[in-house]
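One structure is given below, encoded as structure tokens.
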Amino acid sequence: MAKKNLQPAQFRIHATGIDDEVTLRANREGFLKFQLRPRRLVDVATIDMTTELLGTRFDSPIVIAPTGSNRAFHSDGEVAVANAARDGQSLANSVLGGDDFDRGGDCRPRCSPRRYLSAMGGDRSDMAEYGEWNRKGAVLSDVTAEKEYGVTRDFIVKGVQAGELEFREGAVWGNPYLRILRSQLERYIVAQLGAEYLVRKKSHNELRAIRKEIVGLKKKLAILEARKAALECAIKT
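Numbering-wise (this note's numbering), the sequence shown opens with residue 113 and increments by one.
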């Protein structure tokens, strides 16, 4: 059905793996190790499939796995996946998904309540927004964070360990550094150091940027004034 309804390139993303597809074959071989064990003469008048995970009870041990970028395959994105599931089914919503069910409105599935899990745990409202890691100015290094906000690498690492900051690892000429989200760092700074601290630091940064821009404008103005004088002199002669 997927091959019939999807574009060829979209179908290949789902149906194939990468490179020599070793991981894809390993997954298939792994599933072959699981078999259904038939049970006979077992009372099935009352069936209880509930299970408990991390202190929360679920109707079934089966969870729809998180997938991102669903809008590439269906205009309704993650909402379409949720609506395709049966009532009561748990859905793990990927942090790379384009829909946040907590917003309500068009993003909330039409069917009866389900449990929505973040693929990375915690409160999704504190996680990165869709596409935030690729947004210009939204990401900074721990070195830049120290310059702009006056926080140390240890401060950032504690935020990561506390689950307040997501991060990516990077390296320049063999020197490792952390990439973090500006929005999460500012929320963490407010929580740890206070809103006044953040306002003061941002004001200093803006003032420094304004002064730098003024210096640049003065240099450009001096060049223009010199050129103006040269042109006026050429016209008079």
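Using N, Cα and C, we set each Cβ at its ideal position, and we do this for glycine too.
* To do: Answer yes if the region 313-324 comes into contact with the region 278-295, meaning at least three C-beta pairs across the two stretches below 8 Å, and no otherwise.
  => no
* Asked: Is it a yes or a no for the region 292-299 touching the region 322-337, going by three-plus beta-carbon pairs under 8 Å?
  -> no
* Asked: In chain order, what residues of the same chain have a beta carbon less than 8 Å from the beta carbon of TYR310, not counting five sequence neighbours either side?
  -> First, the residue type needs correcting, since residue 310 is Leu and not Tyr in the sequence shown. When the five nearest sequence neighbours on each side are left out, the beta carbons in the same chain lying within less than 8 Å of the beta carbon of LEU310 are those of TYR261, GLU298, ILE301, VAL302, in order along the chain.
* Near ALA177, which residues of its chain fall below 8 Å by C-beta distance, leaving aside the five closest residues on each side in sequence? -> ALA204
* Asked: How many Å lie between MET232 and GLY328 at the Cα?
  -> Low confidence applies here, because MET232 scores a pLDDT of 39, under 50, leaving its location unreliable and the question unanswered by this model.
* Would you kindly check if the distance between the Cβ of LEU290 and the Cβ of ILE268 is under 8 Å? => Yes, Cβ-Cβ distance for ILE268 and LEU290 is below 8 Å.
* Tell me whether ILE292 is buried or exposed, calling it buried when 16 or more other Cβ atoms sit within 10 Å of its Cβ. => It is buried - the Cβ of ILE292 has at least 16 other Cβ atoms within 10 Å.
* Drop a sphere of 10 angstroms on the beta-carbon of VAL255, count the other beta-carbons inside from all chains shown, and report buried for 16 or more, exposed for fewer. => When all chains shown are included, VAL255 counts as exposed.
* To do: Would you identify the three-state DSSP class for SER295, choosing helix, strand or coil?
  => helix
* Asked: Along the chain, where does the alpha helix (DSSP H) that runs through PHE143 open and close?
  -> 134-143
* Asked: Which residues mark the beginning and the end of the beta strand (DSSP E) in which ARG152 is found?
  -> It is not in any beta strand (DSSP E) - ARG152 carries neither H nor E in the DSSP assignment.
* Asked: With which residues is TYR289 paired in a DSSP beta bridge?
  -> GLY282
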